[in-house]
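First comes the structure, then the notes that go with it.
Number of protein chains: 2
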Amino acid sequence: MAYHHGDLRRALLAAAAAAIAESGAYAVSLRGLARQAGVSNAAPAHHFGDKPGLLTALAAEGYGMLADTVAEARLAGGGIVGMGAAYVRFALEHPAHFEVMFQPGLLRTDDEELAAAQARASDALAAGIAERRAEGGDAGLTGVAAWSLVHGYATLVLSGSLRPEDPRGQARAIARLLFPEDATGH
Amino acid sequence: MAYHHGDLRRALLAAAAAAIAESGAYAVSLRGLARQAGVSNAAPAHHFGDKPGLLTALAAEGYGMLADTVAEARLAGGGIVGMGAAYVRFALEHPAHFEVMFQPGLLRTDDEELAAAQARASDALAAGIAERRAEGGDAGLTGVAAWSLVHGYATLVLSGSLRPEDPRGQARAIARLLFPEDATGH
DNA sequence: AGATCGATCTTTTCACTGCCAAGATTGCGC
DNA sequence: GCGCAATCTTGGCAGTGAAAAGATCGATCT
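Order-wise, the sequence lines are chains A and B.
Counted the way our numbering counts, the first sequence spans residues 3 to 188.
Counted the way our numbering counts, the second sequence spans residues 3 to 188.
Listed below in C-alpha cells is the structure:
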C-alpha cells in the first residue's frame, strides 16, 4: 500500500459526485469520502482545504464541462434549440455537478478557478444568443428567457417535480415553443 | 420564564426560514434554532421528529403559500403572465421556503402534509394552463414550458446567476416572450 | 549515490451536531 | 382535586469538520 494515493484529488471528486448524485449534496462527508478512497480523515483537507473547497472544485469542473458541451452543440450547428438541449443533457448526465454549481451557499464564491470556469460557460452561452441578434428583438431578454427555460426544465426534472418519459425530446419541444423559427432541430 | 414556550413550532419554522434565507439550507442546525428560541437541544425533536421533519414542514408551508399566491393571481385576472409573475414573486419573497421545496434530498418525501400541499399547488398551476386549452396547442407541453420558464428564472435570480434591476418586471417580460398573445399584463 | 526540500498523508484533538433514552414540568379534561 | 397527555429538559453517544503537529515519500540538485 503506497503512502501516496497517486490521484487522490480526482478520486475524491469522483466519489463526491457519485455520493451527491445518489443522496444529495448535504449527505456528503469528507470523512466518508476519505474512507472510500482508503485514506485518512485529514487527507482531503490538503487538496481542498475544507468542504466548501471540495464542492467549489466540483462546481468549477462542472462549469468547464458545461462550457464544452454547449460550445460543441453550437459548432455542430444545432442552433439555439440544440444548445438548449445540450444544456439539459449536461444537467441530467451530471446531476451532482449541476446541483452544486447553482448553490452558492455551498461554495467559496471568491475562488479564482470557479470564476474562470463560470466565465467560460457564460461566454459559450452568450455566443449562441449573439447569433440570433440579427433577427431583431432584445437579445439580452431573449437570452435570459432561453436560459431560464432550459435551466428551469432541468431543475424540475432533477428535483422529481417533472417525470417525463423522454426528457431530451421534451426539452427540445419546449425550446421550440420559445424559438419556433429555429428549424435546425428536426 | 414559562416551561412551555407557547408557540415553539412556529418560532422554529420562522427561525429556520430566516437562517436558510441568509446562509443556505445546509447551514441550519436544530441546536442553533433551539438556542435562538431559548429552548433546550431536544425540544425541536418533539415537534418535528428530526431535521428532515422540520424542513419538510417548511416545504409544506411553502407549497401552501405558493398555491395561495398563484390562485390569487389567477382570480385577479392576471392571465398566465400574471400567474407566472406571481410564481416568481413568491420565490423571491420566500427564498428559504422555495429553496427547500425543490430539494427532495432534504425532505421526507413520503410525508402526507407535504403531498397534500404539493397537490394544492399543482392544481392551482394547472388551472391556469387549462384556461388556455381552448386556444389550441398542446396544453401539457405549454404548461411544462411555462413552469420551466418561471421556475428557472426564479432559481437563477436566487442563486445569483442573474442579477436584474427589476426582477418582477423582467419576469413579466420573459413570460410575454413565451405568451405574446396574453394581453392582460399591461 | 546521497542529502535536501516540498508535497502528501497520518495521528490526535476539540467543538459541534443529530439523535436517542429517560425523566421532569405543565396545563387540560374528568 | 387527579390523572393524563403534551411539552420540554438532561445526559449521553456516535459521527463530523477542522486545526495542529508529525511522519513519509519522491523529485531535484550536486
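Every residue, glycine too, gets a C-beta built ideally from N, C-alpha and C.
Remember, it's a predicted structure, so these values are computed and weren't measured experimentally.
Cα-Cα separation, residue i to residue j
i	j	result
Q120/A	E114/B	40 Å
D184/B	G84/B	9 Å
T111/B	R174/A	29 Å
I22/A	S163/A	18 Å
E167/A	A44/A	43 Å
A13/A	A36/A	9 Å
G34/B	E101/B	20 Å
E133/B	L180/B	16 Å
V30/B	K53/B	9 Å
G145/A	H48/B	48 Å
D140/B	R165/B	33 Å
S124/A	R122/B	37 Å
P106/A	S161/B	6 Å
A27/B	A20/B	10 Å
F50/A	G81/B	49 Å
G142/A	V41/A	48 Å
D70/A	L77/A	11 Å
Y65/B	M103/B	7 Å
G55/B	A118/B	15 Å
M67/B	G79/B	19 Å
S25/B	L108/B	16 Å
G8/B	L32/B	18 Å
R178/A	T157/A	19 Å
E95/A	Q172/A	16 Å
V159/A	V159/B	19 Å
I176/A	P182/A	10 Å
A88/A	A88/B	29 Å
A128/B	A128/A	33 Å
P97/B	P97/A	22 Å
Assigned secondary structure, residue i (DSSP; H/G/I helix, E/B strand, else coil)
i	result
Q172/A	helix
S150/B	helix
G130/A	helix
F100/B	helix
G107/B	helix
G79/A	coil
V30/B	coil
L10/B	helix
R165/A	coil
D70/A	helix
V159/B	helix
S42/A	coil
P54/A	helix
D125/B	helix
E114/B	helix
F181/B	coil
Exposure of residue i, with buried meaning 16 or more beta-carbon neighbours within 10 Å
i	result
S150/A	buried
A93/A	buried
A59/B	buried
A126/A	buried
G130/B	buried
P46/A	buried
H188/B	Its pLDDT being 48, under 50, H188/B is placed unreliably by the model, and the measurement read from it follows with that caveat. The residue is exposed, with fewer than 16 neighbouring Cβ atoms inside 10 Å.
M3/B	Interpretation of M3/B is limited by its pLDDT of 45, a score under 50 that renders its predicted location unreliable; no figure is taken from the coordinates.
Supposed close pair residue i, residue j - CB separation, criterion 8 Å
i	j	result
L10/A	A39/A	6 Å
A148/A	G86/A	6 Å
V90/B	R170/B	7 Å
H99/A	E74/A	In fact, because the Cβ distance is near 17 Å, the residues do not count as touching under 8 Å.
L116/B	A61/B	6 Å
Task: Cβ contact check for the region 151-162 of chain A and the region 153-170 of chain B: 3 or more pairs under 8 Å - done: yes
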